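In what follows, a structure is listed as structure tokens, so that the remarks can point back to it.
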Amino acid sequence: MRKNIVAGNWKMNNDLAQTETLITALKGQTISSDAEVMVAPPFTNLWAAYNALKGSDIEVAAQNMHFAENGAYTGEVSASMLKSVGITTVILGHSERRAYFNETDEILAKKVDAALAKDMRVIFCFGEELADRKSDNHETVVGDQIKNALFHLDAAAFKNIVLAYEPVWAIGTGETASPEQAQDMHAFIRKTLADKYGAEVADSVSILYGGSVKPNNAKEIFSKPDVDGGLIGGAALNAEDFFAIVNAF
Ligand code: 13P
Numbered sequence: 500m501r502k503n504i505v506a507g508n509w510k511m512n513n514d515l516a517q518t519e520t521l522i523t524a525l526k527g528q529t530i531s532s533d534a535e536v537m538v539a540p541p542f543t544n545l546w547a548a549y550n551a552l553k554g555s556d557i558e559v560a561a562q563n564m565h566f567a568e569n570g571a572y573t574g575e576v577s578a579s580m581l582k583s584v585g586i587t588t589v590i591l592g593h594s595e596r597r598a599y600f601n602e603t604d605e606i607l608a609k610k611v612d613a614a615l616a617k618d619m620r621v622i623f624c625f626g627e628e629l630a631d632r633k634s635d636n637h638e639t640v641v642g643d644q645i646k647n648a649l650f651h652l653d654a655a656a657f658k659n660i661v662l663a664y665e666p667v668w669a670i671g672t673g674e675t676a677s678p679e680q681a682q683d684m685h686a687f688i689r690k691t692l693a694d695k696y697g698a699e700v701a702d703s704v705s706i707l708y709g710g711s712v713k714p715n716n717a718k719e720i721f722s723k724p725d726v727d728g729g730l731i732g733g734a735a736l737n738a739e740d741f742f743a744i745v746n747a748f
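FYI, my numbering numbers position 51 of the sequence shown as 550, with every residue one higher than the one before it.
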């Protein structure tokens with residue numbers, strides 16, 4: 500059966516000292532749920548975070564990577580480089596990467612392939628903008644994002660894929676999708692997978708919700724049958740808030 504996962508995406512927050520402080524605070528918290536817990540600090544802090552959390556129940560993930568193995572890509576980091584500092588999970592396709600760094604479905608398909616080729620696990624993000632929802636186009640947009648970046652994969656690849664639905668209008672805005680909106684979209688995503696790969700694959704893939712998940716709304720969102728966890732931004736920067744969300748399962 501699929502796993503429940505709560506992952507903290509720190510985005511471009513926390514220098515080394517702040518990372519060490521937050522990790523110490525995270526280690527002081529108790530996990531009282533069955534959720535797998537992950538944090539994704541910026542590249543410069545991955546090695547420190549990996550070492551500080553080794554042997555704990557908290558995994559460290561990266562926020563991005565390049566699709567090439569190495570070479571003349573100034574400023575970029577490859578899957579092998581991440582693995583060399585202990586990282587085996589990478590977030591790909593976050594809407595901020597799509598919007599500010601021009602990451603297209605085509606680029607993301609290559610990144611997904613590169614990560615899977617190195618036996619990494621991918622948390623693949625997607626989600627519609629407000630205009631798409633207002634024009635009732637959100638399912639088409641999300642369906643296309645998934646198909647364009649993932650549907651060249653074979654069914655077996657999905658054991659290393661986690662999906663994260665993050666409606667752009669709910670990210671960092673304090674506005675969340677209602678639990679019903681999240682459930683409707685997650686059910687649509689699972690059906691999209693089932694239509695292509697069959698129910699067994701669709702039922703095995705964890706689908707996380709992201710977008711202003713907070714301690715006071717996590718329980719209701721996570722109670723929905725097709726919501727298997729959360730990708731948490733702002734609230735992941737505070738250990739107590741983050742663990743209140745983890746323990747909402
Ligand atoms: P917020 O929780 O700050 O809305 O961010 C969500 C997000 O983008 C996680 O990847």
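Even glycine gets a Cβ: it sits at the ideal position worked out from N, Cα and C.
From a predicted model like this one, the values you see are computed outputs, not experimental measurements.
Whole angstroms are fine: how far does the CA of residue j sit from the CA of residue i?
| i | j | result |
| --- | --- | --- |
| lysine 526 | glycine 554 | 11 Å |
| asparagine 647 | threonine 523 | 40 Å |
| serine 579 | asparagine 659 | 17 Å |
| isoleucine 688 | valine 641 | 8 Å |
| glutamine 644 | aspartate 604 | 7 Å |
| alanine 539 | aspartate 631 | 28 Å |
| alanine 614 | glutamate 719 | 33 Å |
| glycine 574 | phenylalanine 657 | 29 Å |
| valine 559 | leucine 552 | 8 Å |
| arginine 749 | asparagine 544 | Nothing can be reported for residue 749, as the shown portion of the chain is limited to 500 through 748. |
| glycine 592 | alanine 561 | 12 Å |
| aspartate 618 | alanine 548 | 21 Å |
| alanine 655 | leucine 607 | 19 Å |
Leaving out the 5 sequence neighbours to the left and right, which residues in its chain are closer than 6 Å to residue i when beta-carbon positions are compared?
| i | result |
| --- | --- |
| isoleucine 622 | Ile590, Val661, Ala663 |
| alanine 717 | Ile744, Ala747 |
| leucine 629 | Trp668 |
| phenylalanine 566 | Lys609, Lys610, Ala613 |
Can you say whether residue i is buried or exposed, counting buried as having 16 or more other CB atoms within 10 angstroms of its CB?
| i | result |
| --- | --- |
| phenylalanine 650 | exposed |
| methionine 511 | exposed |
| asparagine 508 | buried |
| asparagine 569 | exposed |
| glutamate 739 | exposed |
| tyrosine 572 | exposed |
| threonine 679 | The residue asked about is misnamed: residue 679 is glutamate in this sequence, not threonine. Glutamate 679 is exposed by the Cβ-count criterion. |
Helix, strand or coil for residue i? Go by DSSP, reduced to three states.
| i | result |
| --- | --- |
| leucine 552 | helix |
| threonine 639 | helix |
| alanine 663 | strand |
| leucine 652 | coil |
| glycine 733 | helix |
| arginine 620 | strand |
| threonine 588 | strand |
| valine 700 | helix |
| asparagine 716 | coil |
| isoleucine 557 | strand |
| asparagine 508 | strand |
What residues in its chain sit with their C-beta under 7 Å from that of residue i, if we drop five residues either side in the sequence?
| i | result |
| --- | --- |
| alanine 534 | Asn503, Ile504, Val505, Gly728, Val745, Phe748 |
| aspartate 556 | Ile530, Val536 |
| glycine 710 | Glu665, Pro666, Ala669, Ile670, Thr675, Ala676 |
Any Cβ of chain D within less than 8 Å of the Cβ of residue i?
| i | result |
| --- | --- |
| glycine 642 | You won't find chain D in this structure, because it holds only one protein chain. |
Below 8 Å CB to CB, which residues in the same chain sit around residue i once its five sequence neighbours on both sides are set aside?
| i | result |
| --- | --- |
| valine 704 | Arg501, Phe657, Ile660, Val661, Leu662, Arg689, Leu692 |
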